[in-house]
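The sequence shown begins at 336 in the numbering used here and counts up one residue at a time. Here a beta-carbon is modelled for each residue, glycine too, at the ideal position from N, C-alpha and C.
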Amino acid sequence: MDATALWQRYQKWLYFHEGLGFYLDVSRMRFDDAFVERLQPKFEQAFADMAELEKGAIANPDENRMVGHYWLRNPDLAPTPELTQEIVSTIEQIEVFAEKVHTGAIHPPKAPRFTDIISIGIGGSALGPQFVAAALAPDFPPLAIHFIDNTDPAGIDRVLTQVRNRLSSTLVLVISKSGGTPEPRNGMAEVKKAYAGHNLDFANYAIAITMPGSKLDEQAKSEGWLARFPMFDWVGGRTSELSAVGLVPAALQGIDIRAMLEGAKEMDDATRVPDIKNNPAALLALSWYYAGNGKGEKDMVVLPYKDSLLLFSRYLQQLVMESLGKEKDKTGNIVHQGIAVYGNKGSTDQHAYVQQLREGVPNFFATFIEVLEDRHSPSPEIEPGITSGDYLSGFLQGTRQALYENHRDSVTVTIPQVNSRTVGALIALYDRAVGLYASLININAYHQPGVEAGKKAAAEILELQKQVVEVLQQEKTPLTLEEVAQKIGATDKIESIYLILRHLHANGRGVTLQGNLGQPSSLKFSIGG
Ligand SMILES: O=P(O)(O)OC[C@H]1O[C@H](O)[C@H](O)[C@@H](O)[C@@H]1O
Numbered sequence: 336m337d338a339t340a341l342w343q344r345y346q347k348w349l350y351f352h353e354g355l356g357f358y359l360d361v362s363r364m365r366f367d368d369a370f371v372e373r374l375q376p377k378f379e380q381a382f383a384d385m386a387e388l389e390k391g392a393i394a395n396p397d398e399n400r401m402v403g404h405y406w407l408r409n410p411d412l413a414p415t416p417e418l419t420q421e422i423v424s425t426i427e428q429i430e431v432f433a434e435k436v437h438t439g440a441i442h443p444p445k446a447p448r449f450t451d452i453i454s455i456g457i458g459g460s461a462l463g464p465q466f467v468a469a470a471l472a473p474d475f476p477p478l479a480i481h482f483i484d485n486t487d488p489a490g491i492d493r494v495l496t497q498v499r500n501r502l503s504s505t506l507v508l509v510i511s512k513s514g515g516t517p518e519p520r521n522g523m524a525e526v527k528k529a530y531a532g533h534n535l536d537f538a539n540y541a542i543a544i545t546m547p548g549s550k551l552d553e554q555a556k557s558e559g560w561l562a563r564f565p566m567f568d569w570v571g572g573r574t575s576e577l578s579a580v581g582l583v584p585a586a587l588q589g590i591d592i593r594a595m596l597e598g599a600k601e602m603d604d605a606t607r608v609p610d611i612k613n614n615p616a617a618l619l620a621l622s623w624y625y626a627g628n629g630k631g632e633k634d635m636v637v638l639p640y641k642d643s644l645l646l647f648s649r650y651l652q653q654l655v656m657e658s659l660g661k662e663k664d665k666t667g668n669i670v671h672q673g674i675a676v677y678g679n680k681g682s683t684d685q686h687a688y689v690q691q692l693r694e695g696v697p698n699f700f701a702t703f704i705e706v707l708e709d710r711h712s713p714s715p716e717i718e719p720g721i722t723s724g725d726y727l728s729g730f731l732q733g734t735r736q737a738l739y740e741n742h743r744d745s746v747t748v749t750i751p752q753v754n755s756r757t758v759g760a761l762i763a764l765y766d767r768a769v770g771l772y773a774s775l776i777n778i779n780a781y782h783q784p785g786v787e788a789g790k791k792a793a794a795e796i797l798e799l800q801k802q803v804v805e806v807l808q809q810e811k812t813p814l815t816l817e818e819v820a821q822k823i824g825a826t827d828k829i830e831s832i833y834l835i836l837r838h839l840h841a842n843g844r845g846v847t848l849q850g851n852l853g854q855p856s857s858l859k860f861s862i863g864g
């Protein structure tokens, strides 16, 4: 396509939202009108599915749940007045609480103000708060946030070390929808011990964000924690940023949560329009379908040209891959769907893997995120007439062009600046794009059956560990792996037993071994003695 035709195509497909100052350019995806025509019936179905979902249909039948994250930013849409009230009052509660923490009306027992937050959560209970903190927290927030999003002891130590001198003025958010996920449970248990070690009563510092009645909720209630905020059954973890999960940490950091909700609501209104060309989420879903042939054949590389949006790709990774990565479609056919998502930021990534994008395996399409405002103040010139921001902008254009010339397609999302409204809008845009795309390919985007397998296997390993330790504690003489396995009747688990013992040995857990480390079958293990 020559330059004139491409410019025509650019203008033909450019989407602009005036209220948000938001643009979407899909001109560099090479679909033609016939393709759009062909997808039209699927889109009609997708728009209808979304309308049903928003009205409160059981859109997640496998878990028998409604899917209501859109109601969070427009509570009047909720299917019952009770739900509307619940949403409205939770937001008010969050604002009042944050205000009291900021003014010192709520303060730690031995200090006038809270200074820091340790936020404990994983998956959807971490990625949104992390993304939003990096994108929107002021340079000097009223409370500085630190995340524990794993059960890695060294990671936990790192956070506890960062706040070691301020533990007595550090709030702890424990965020878990289910209230039973092992990682945050472990993080909480360790942090609680750290507070006890400093003679601080954890309950005076701890806040639970979880479904009412969950294990975590019960614990918070019985121990009299500082506060509890509800997470609703009908909000999935990966779409929970605009529920208490994201709003509590954001409000505490001084982020304008009303503006985030407003931006999301405006984008929800725009993406409800049942017309592909005038609906930015539909244009994204169309582009994804085109790129990957409706089968995820191409990966989505997300490249925001703005440091503060670095974590957007990670946030999207869960949203897209956990929602779309499914073995079966809704009819039960084996489909192995999904779209792989990765990326960090431009122009940084141009000096890392963009070489492969331009010349290597053509197994991706790019999503550029452009921010029009370089910085809040005027930029100095670093060459006559040229600023650093001009470079950033030039690099984005250059990479988009270089990829296109080599038959690598891209979409470009443009926002005027990174602020609470535009971040809310981005979250809503992708929520809807995922929902629409899921309808196009006929899968349930709102469950995650595959996650359970790993959890179950891990639980079995921990059970096996207890048995292994018990056997070795009873034995007087060192045992080989085979002997251990035989004694517990698990000869098929010999490799697991080896890995368990190697880990215990490396951590001074009383396991001694003799033999050749490079030949596991030569090893003999004992405990104590
Ligand atoms: O918030 P939680 O219930 O602790 O869940 C945390 C995360 O873990 C699960 O394994 C799910 O796959 C995620 O969708 C979820 O966000």
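Where residue i and residue j are concerned, what is the direct C-alpha to C-alpha distance, given to the nearest angstrom?
| i | j | result |
| --- | --- | --- |
| I422 | D368 | 42 Å |
| E427 | D484 | 27 Å |
| F357 | N539 | 43 Å |
| G403 | I393 | 10 Å |
| D384 | V748 | 25 Å |
| S460 | V670 | 29 Å |
| A340 | L418 | 51 Å |
| A599 | A760 | 4 Å |
| V608 | N614 | 6 Å |
| N668 | K790 | 25 Å |
| L644 | P416 | 36 Å |
| F382 | N679 | 31 Å |
| S513 | T425 | 18 Å |
| P875 | Q685 | There is no way to answer for residue 875, as the model of the chain reaches only from 336 to 864. |
| Y772 | V570 | 19 Å |
| T438 | N842 | 45 Å |
| M656 | A675 | 6 Å |
| I429 | A586 | 7 Å |
| I592 | E708 | 21 Å |
| Q465 | H481 | 9 Å |
| R837 | G463 | 36 Å |
| V507 | A626 | 43 Å |
| A562 | V746 | 43 Å |
| A788 | V580 | 25 Å |
| G785 | N779 | 13 Å |
| P443 | A594 | 29 Å |
| G559 | P565 | 16 Å |
| R520 | A543 | 11 Å |
| Y624 | N534 | 57 Å |
| I453 | T496 | 12 Å |
| L852 | P488 | 25 Å |
Based on the DSSP output, what are the partners of residue i in its beta bridges?
| i | result |
| --- | --- |
| D451 | A479 and T505 |
| I704 | P639 and V748 |
| A369 | Answer is none; A369 lacks a bridge partner. |
| E718 | I721 |
| H840 | Looking at the DSSP assignment, H840 forms no beta bridge with any residue, so it has no partner. |
| K663 | I669 |
| K859 | T815 and Q849 |
| I393 | DSSP output for I393 lists no bridge partner at all. |
| I823 | Bridge partners of I823: none, in fact. |
| L359 | Y350 and V748 |
| D634 | F699 |
| F564 | I544 |
| I510 | I544 |
| V676 | M635 |
| R400 | N395 |
Hey, residue i and residue j are a contact pair by Cβ (cut 8 Å); roughly how many whole angstroms apart?
| i | j | result |
| --- | --- | --- |
| T545 | S511 | 5 Å |
| A433 | D451 | In fact, because the Cβ distance is near 15 Å, the residues do not count as touching under 8 Å. |
| G673 | G660 | 3 Å |
| R767 | T606 | 4 Å |
| I455 | V509 | 5 Å |
| A687 | R743 | In fact, because the Cβ distance is near 16 Å, the residues do not count as touching under 8 Å. |
| I862 | G850 | That belief does not hold up - the Cβ atoms of I862 and G850 are roughly 16 Å apart, past 8 Å. |
| L618 | I611 | 7 Å |
| A413 | P584 | The Cβ separation is near 23 Å, so there is no contact. |
| G572 | K550 | Contact doesn't hold; Cβ gap of about 16 Å is too wide. |
| L775 | K377 | 5 Å |
| E705 | L731 | 6 Å |
(message) Can you confirm whether the stretch 820 to 828 touches the stretch 797 to 807 when touching is taken to mean that 3 or more C-beta pairs between the two stretches lie within less than 8 Å?
(response) Counting Cβ pairs under 8 Å, three or more are found: they touch.
(request) Please determine if the stretch 555 to 565 and the stretch 498 to 505 are in contact, where contact requires at least 3 C-beta pairs separated by less than 8 Å. (result) Contact check between the stretch 555 to 565 and the stretch 498 to 505: fewer than three CB pairs, one atom from each, fall below 8 Å, which does not count as touching.
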